[in-house]
Amino acid sequence: MDPIDQAHQSREWLIESCRRMLLIRHFEETLIGLQNQGHFAGHYHVYIGQEATGVPALSCLAPDDHIFTTHRNHGHLLARGAEPGRMYAEILGRRDGYNKGKGGTFHIAASHLGFHHTSGIVGGIIPLAAGAAYAAKARKTGQIAVCLIGDGALEEGAAPESFNIASLWKLPVLYLCENNGKYGAGRALGAAQSFSMAAYPLTDLPKVYKIPAQQVDGTDALAVYRVVSEVVGKIRQGQGPQFIETHTVRWPGSESNWPVVPVVTSVDLAWDASAAPEKFRDWYRASDPVLAFIRKIVEAGAATRAQLAEIDAQAVDLIDRAAKFALASPFPEPQEALTDVFA
Amino acid sequence: MRELAYYEAKLEGLREILAADERVHFITEIATGFLGLSPHRVHFRQIASSFPDRVIAPPISELAFCGVAIGAAMAGLRPIVDLITASFAFEAWPQIVNEAANAFYMSGGQTRAPVVFHLLHGLRGAGAAQHSHSPQAMLWNCPGLKIVLPSSPRDVKGLLKTAAASDSPTVFIDHVLLFEYRGSVPENDEAIPFGQAEIKRSGADVTVVATSLMVQRSLAVAERLAKDGIQVEVVDPRTIVPLDFDTIMGSVEKTGRVVVVDECHQSCGVAAELVARIAEAGFDKLKAPIRRVVTLDVPIPFSPRLEEFVSPSEARIAEAIRAAAR
Ligand SMILES: Cc1ncc(C[n+]2csc(CCOP(=O)(O)OP(=O)(O)O)c2C)c(N)n1
Ligand SMILES: [Mg+2]
């Protein structure tokens with residue numbers, strides 16, 4: 419059966435998901451250029467290669483659900499509909515940034531979208547998500563909390579301690595653990611033992627605490643949607659916490675701490691990756707989740723290449739305008755540093 | 118005399134320590150450990166590969182790997198454990214402040230924990246609130262820990278050697294913005310004992326007591342103010358536990374004017390303690406109120422303009438020295 423039919427996905431969902439994935443991809447590609455031009459300093463982390471996890475997963479949530487994320491947050495915010503211009507402004511330390519320039523790339527918060535607190539401390543959000551779930555349960559709001567973590571976060575003691583509490587208290591929390599270590603310079607290797615994690619597969623860890631846990635290919639948007647929508651339903655029914663591990667293949671551009679863009683993503687690249695430098699070509703051919711999704715949509719007849727190219731051009735244009743918006747935004751006045759200390 | 122960059126002296130110290138004592142094991146992330154994200158970190162990787170059995174990379178489990186180092190120290194090794202960014206020490210706080218710091222005293226002098234915690238503190242540019250801490254004052258609130266704050270190539274090497282040889286848990290707090298400074302480091306130099314402040318620059322008008330990166334920043338300001346006729350003496354305690362208070366007071370008695378420069382937050386910071394001690398011991402020697410130049414009492418903002426505004430900048434140091442000299 420056609421995998422798209424199986425997921426019962428409407429054409430609108432497919433096109434919108436594709437649009438958001440392309441938006442994330444171009445956001446990050448342009449961001450890398452902005453740093454290379456010296457527009458912001460410091461270390462940062464891009465979401466390239468994980469778009470087919472964040473976009474379908476977050477489309478399963480209600481508008482008022484609570485979401486906690488990490489240093490690798492850009493894709494999550496964009497998937498929820500955050501404004502790229504205000505995100506760039508934040509990353510560039512400008513006044514129009516979501517956090518008024520106080521947070522930067524690691525800490526983009528957008529509470530109207532459910533992103534209350536974005537932590538750059540590995541493992542820092544794991545207890546917080548359980549706490550938000552506790553509040554939702556106590557207040558009977560029907561909300562759930564989602565904890566978006568990397569594989570490395572399971573190495574912190576905060577993970578097992580929180581799993582225990584979430585399970586004991588049957589909290590409505592989804593742990594979505596994005597394992598981006600497959601074949602790359604990441605940490606946990608998925609099916610195999612790594613230098614940094616003795617528990618493998620990673621799903622063994624939450625299972626010890628009786629949290630149902632499963633693995634899914636994070637480069638397959640429809641598979642992610644199926645699994646996440648199913649477990650979100652169970653959590654909303656009051657069945658307690660759930661854990662999902664997604665596997666993606668690390669974008670080779672992330673191997674350096676200071677990435678460069680080997681090739682600007684386009685719809686044509688989905689069928690001909692020869693424009694990518696040799697070192698990157700295999701990844702764009704075999705492991706790029708955005709290009710895989712584009713091929714799937716066209717092959718299923720949900721859209722033509724030309725239609726997707728038009729969507730891509732719109733995404734490029736939106737990102738271009740977002741970058742200009744951020745660059746035109748002033749830096750905050752120095753005295754602003756003294757505000758917002760107390761509520 | 119031989120000149121080295123700060124990072125070179127630091128690497129040389131580590132290599133010599135690892136070569137000299139088989140009991141030294143170094144727990145650190147190989148890719149970004151010891152020198153952080155500095156471009157010179159490749160040289161650290163060479164050292165790591167020279168001692169493959171004794172340089173070991175841990176999982177992201179600060180609480181556990183610091184505790185492992187402390188326990189190994191109790192059982193005969195002399196581990197150095199690298200938290201890299203000082204803010205990550207909070208993940209290991211219970212082991213550092215409640216186990217390591219208390220072990221010797223609580224056991225009535227039986228149990229030694231000769232462990233070194235290596236931290237990179239302070240405003241490094243765009244670290245924002247969660248990667249910019251200077252926890253030295255919080256740690257100074259935990260009797261039982263020795264606290265080292267190097268500021269020059271010679272000091273970083275000499276103090277690292279003393280830290281590795283110390284029988285007490287020692288927090289070695291470094292700053293990435295020091296790595297490019299150059300200075301003389303004699304060949305076969307001695308280790309530098311703890312508790313010996315150094316007068317980094319002599320001057321008759323104003324005493325500046327500064328730590329870590331703030332020593333270099335104060336020295337730069339002192340050079341400029343000398344052209345305006347203000348002679349600044351810069352005193353670097355080098356270790357705050359133990360503290361060489363005599364050298365500090367010797368300078369205070371000479372000048373009668375004091376500015377303390379430190380990167381901790383203002384309230385209960387390192388400067389707050391130093392100012393209190395100077396005021397207690399030397400009130401009658403002072404010709405002007407003591408001044409502090411420290412990080413303003415707010416979480417560290419990301420935006421470069423805001424970060425500059427809250428930091429103990431050269432402009433704020435110069436202003437404080439001028440005010441003290443009047
Ligand atoms: C407590 C703490 N320790 C160390 C770090 C440094 N650090 C930042 S990202 C990272 C790796 C995280 O890996 P993972 O959770 O898999 O996330 P990924 O970057 O792969 O998305 C580390 C060790 C940190 N930010 N916080
Ligand atoms: Mg990872």
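Going down the list, the sequences are from chains Z and D.
In this text, residue positions in the first sequence follow the numbering used here: the first is 419, and each later residue adds one.
In this text, residue positions in the second sequence follow the numbering used here: the first is 118, and each later residue adds one.
Backbone N, C-alpha and C fix where the C-beta goes; we use that ideal spot for every residue, glycine too.
Verify the CB distance criterion: does residue i have a CB-CB separation below 8 Å to chain D?
i, result
"residue 763(Z)", "Past the boundaries of the shown model lies residue 763(Z); chain Z is included only from 419 to 761, so the question cannot be answered."
"residue 624(Z)", "no"
"residue 677(Z)", "no"
"residue 602(Z)", "Unreliable placement is indicated for residue 602(Z), whose pLDDT of 49 sits below 50; no coordinate value is reported for it."
"residue 464(Z)", "no"
"residue 759(Z)", "yes"
"residue 505(Z)", "no"
"residue 461(Z)", "yes"
"residue 486(Z)", "no"
"residue 674(Z)", "no"
"residue 519(Z)", "yes"
"residue 511(Z)", "yes"
"residue 540(Z)", "yes"
"residue 613(Z)", "yes"
Identify the continuous beta strand (DSSP E) that holds residue i and give its terminal residues.
i, result
"residue 166(D)", "Element bounds for residue 166(D): not the beta strand (DSSP E) but the alpha helix (DSSP H), 158-167."
"residue 464(D)", "Residue 464(D) lies beyond the range of chain D shown here (118 to 443); nothing can be said about it."
"residue 566(Z)", "563-568"
"residue 122(D)", "120-122"
Looking only at DSSP bridge pairs, what is residue i linked to?
i, result
"residue 533(Z)", "485(Z), 528(Z)"
"residue 264(D)", "288(D), 358(D)"
"residue 144(D)", "173(D), 198(D)"
"residue 635(Z)", "665(Z)"
"residue 234(D)", "198(D), 288(D)"
"residue 596(Z)", "568(Z), 664(Z)"
"residue 353(D)", "315(D)"
"residue 382(D)", "412(D)"
"residue 716(Z)", "None, per the DSSP bridge assignment."
"residue 377(D)", "326(D), 409(D)"
"residue 626(Z)", "In DSSP, residue 626(Z) forms no bridge with anything."
"residue 591(Z)", "563(Z)"
Using 8 Å as the limit for Cβ to Cβ distance, is residue i near chain Z?
i, result
"residue 198(D)", "no"
"residue 437(D)", "no"
"residue 155(D)", "no"
"residue 419(D)", "yes"
"residue 318(D)", "no"
"residue 126(D)", "no"
"residue 415(D)", "yes"
"residue 355(D)", "no"
What first and last residue would you give for the alpha helix (DSSP H) that runs through residue i?
i, result
"residue 540(Z)", "No alpha helix (DSSP H) holds residue 540(Z); DSSP gives it neither H nor E."
"residue 433(Z)", "429-454"
"residue 436(D)", "431-442"
"residue 505(Z)", "502-509"
"residue 730(Z)", "723-746"
"residue 577(Z)", "576-586"
"residue 256(D)", "253-257"
"residue 492(Z)", "492-497"
"residue 464(Z)", "Here residue 464(Z) belongs to no alpha helix (DSSP H), and DSSP marks it neither H nor E."
"residue 394(D)", "387-399"
"residue 403(D)", "Taken as a continuous stretch (DSSP letters only), residue 403(D) belongs to no alpha helix (DSSP H), as it is neither H nor E."
"residue 424(D)", "421-427"
"residue 272(D)", "270-282"
Complete beta strand (DSSP E) runs within the segment 181-225 of chain D (minimum length 3 residues, chain order): 197-202
Near-chain Z residues of the segment 175-188 of chain D (beta-carbon distance less than 9 Å), N- to C-terminal order: Within the segment 175-188 of chain D, the qualifying residues are 175, 176, 177, 178, 179, 180, 181.
Contact set between the segment 231-253 of chain D and chain Z, restricted to residues whose Cβ is under 9 Å from the partner: 241, 242, 243, 244, 245, 246, 247, 248
Uninterrupted beta strand (DSSP E) stretches inside the segment 298-345 of chain D (no shorter than 3 residues): Listed in chain order, they are 299-301, 315-318, 323-327.
Interfacial residues, the segment 565-597 of chain Z to chain D, with Cβ spacing under 8 Å: 570, 571, 573, 574, 575
Beta strand (DSSP E) segments (min. 3 residues) lying fully within the segment 638-696 of chain Z: Correct list: 660-667.
Contacting positions in the segment 522-538 of chain Z - beta carbon closer than 9 Å to chain D: Taking 9 Å as the Cβ-Cβ cut-off against chain D, the residues of the segment 522-538 of chain Z that qualify are 522, 523, 524, 525, 537, 538.
Positions along the segment 422-434 of chain D whose CB lies within less than 9 Å of some CB in chain Z: 422, 423, 424, 425, 426, 427
Short-range partners of chain D found in the segment 738-756 of chain Z, where Cβ spacing is below 9 Å: 749, 750, 751, 752, 753, 754, 755, 756
Contact list for the segment 435-448 of chain Z against chain D, Cβ threshold 9 Å: Within the segment 435-448 of chain Z, no residue qualifies.
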